[in-house]
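According to the working numbering, the stretch in the sequence shown is residues 39 to 407, in order.
Working notes, structure below.
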Amino acid sequence: MERLLVLGAGAGQLGLLAAARARGLFVIAVDRDPRAPGFQFADRRAIVSVDDEPVVERLAEAERVDGVIAPGADWPVGAAARIASKLGLPHPISPQTAVLSASKLRQRERLAEAGIPQTRWQVVSRADEAVQVPCLVRPPDRQGRRARALVRSSRELRGAVRAALRASRIGLCLVEELAEQPVVTVTAFSRDGVFHPLVVTDRAPLAHVWESEHADLAAALAGRAAEALGVCEGPSITQIGIGKDGPLVLELAARIGGGHEAELCDASLGVDLHGLALAAALGKEIPAKRLRPKHRAGGACVRFLSGQGEPDGLARAQAVPGVAWARVYGGSERAGAVLAVGASRDEALERATRSAECIRFSAADAHAV
């Protein structure tokens with residue numbers, strides 16, 4: 039039985055962990071949260087921060103794993119590539135490419151060298167440096183929303199920069215032009231150096247919708263960005279801003295997305311992106327036919343749920359026509375999600391909304407035992 043080390047067991051890793059278990063792999067999952075929902079699919083769990091690379095490396099060696107994968111989060115991508123390289127394990131990207139994926143500053147620098155169109159940016163080391171607002175302020179080496187702020191006035195700027203500098207591992211802050219234009223995400227898989235765009239999704243607070251009118255332009259630019267960063271194998275997600283003068287790269291991550299993009303690929307195209315990512319992590323040969331769509335849905339979307347407490351109505355939500363699944367996994371911002379397909383994007387959205395409205399969260403009685 040092949041053994042796979044998965045860095046992370048949160049909501050963003052659920053789909054891949056379930057896919058690994060379904061394929062009969064022996065799964066070792068790492069997460070600092072003992073209540074991480076993905077642990078339900080692990081044969082062995084390690085309550086360790088994925089940021090503690092020396093410990094994770096020792097774990098990988100002790101468990102004699104056949105592959106390492108870091109889905110759904112940026113920073114562990116580098117650790118996975120370095121650990122695989124040190125232990126002589128197969129891996130879709132090199133440690134050098136992983137650094138360009140995980141460090142948004144290094145990524146910006148490389149894209150600039152390659153002449154890839156991107157939003158304007160600058161590096162700041164002090165809170166009193168001149169910065170044009172509105173802007174996005176963040177530490178270049180932290181993932182998610184940690185110390186990340188949308189700054190719309192000069193009054194907010196210093197506090198945002200100070201927070202980003204404190205959170206940064208390298209004492210620098212990345213300030214980026216605020217993307218007020220439409221933003222799309224290109225989910226793709228590279229095989230033998232060829233970039234295969236799979237789905238292009240609109241970015242909205244609660245829903246991702248396939249397919250965008252800007253798909254072709256966005257996919258072409260995402261392919262150029264992947265090539266510039268050295269992503270020749272494996273999955274990638276690229277955020278593209280559609281400006282009045284053409285598309286601009288916001289960022290690229292050499293991994294599966296954490297917003298159920300892989301499940302969208304399966305539902306809308308019949309392409310098993312989780313299976314492809316697992317094969318790449320284990321050094322398996324991937325036939326070209328696995329990247330060919332088996333069908334095309336008119337539209338598909340994921341609608342995220344928010345709320346806290348005990349969920350009710352999952353069965354009703356699942357019964358809505360066109361709903362592939364409805365699941366709850368905890369968390370206030372993303373407490374769960376619904377995936378729906380339809381003959382058009384509007385129908386998919388309507389079905390997902392109807393399904394989401396079936397689910398209610400109720401707070402537990404404080405006196406209950």
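Even for Gly, the Cβ is constructed at its ideal location relative to N, Cα and C.
Predicted model, so just to flag it, every value in this text is computed and none were measured.
Coarse secondary structure for residue i, derived from DSSP in three states
i: E214; result: strand
i: E388; result: helix
i: D230; result: coil
i: I397; result: coil
i: A305; result: helix
i: E40; result: coil
i: A47; result: coil
i: P133; result: helix
i: A185; result: coil
Buried versus exposed, by CB contacts within 10 Å (16 or more), residue i
i: S163; result: exposed
i: L188; result: exposed
i: E348; result: exposed
i: D166; result: exposed
i: I208; result: exposed
i: Q170; result: exposed
i: A150; result: exposed
i: I121; result: buried
i: L204; result: Sequence inspection shows Arg at residue 204; the Leu mentioned does not correspond to that position. Exposed, by the Cβ-count rule.
i: D254; result: exposed
i: G231; result: exposed
i: I85; result: exposed
i: R330; result: exposed
i: P177; result: buried
i: A357; result: exposed
Candidates the options, of which the one nearest residue i by Cα
i: G313; options: P273, G296, A292 and A357; result: P273
i: F233; options: V269, L216 and E218; result: V269
i: V199; options: Q160, E271, V237 and V221; result: Q160
i: S123; options: E323, A136 and E385; result: A136
i: V68; options: S87, V309, A226 and P155; result: S87
i: A364; options: P172, R82 and V340; result: V340
i: L127; options: I107, L195 and A111; result: I107
i: L439; options: G374, A118, L343 and R186; result: Because residue 439 is not part of the residues shown, which for the chain are 39 to 407, the question remains open.
i: E385; options: A335, A353 and Q356; result: A335
i: Y367; options: G76, V65 and D71; result: G76
i: L42; options: A201, G62, F342 and R398; result: G62
i: R293; options: A305, D104 and L316; result: L316
i: E323; options: R59, S228 and V103; result: S228
i: E194; options: E40, S206, P325 and C173; result: C173
CB contact below 9 Å: residue i versus chain D
i: R193; result: Of the protein chains in the structure, only one exists, and it is not chain D.
Nonlocal neighbours in the same chain, by C-beta distance under 6 Å from residue i, ignoring five residues either side
i: R158; result: E215
i: K332; result: G308
i: P235; result: V224, A226 and A257
i: H129; result: A119 and A122
Close beta carbons around residue i, own chain, < 7 Å, minus the five adjacent residues each side
i: A202; result: V175, R176, P177, A185 and C211
Cutoff 8 Å; reference residue i; Cβ partners in own chain excluding five residues on either side
i: G261; result: A226, F233 and P235
Start-end ranges of the alpha helix (DSSP H) lying completely within the segment 61–122, minimum 4 residues: 91–101
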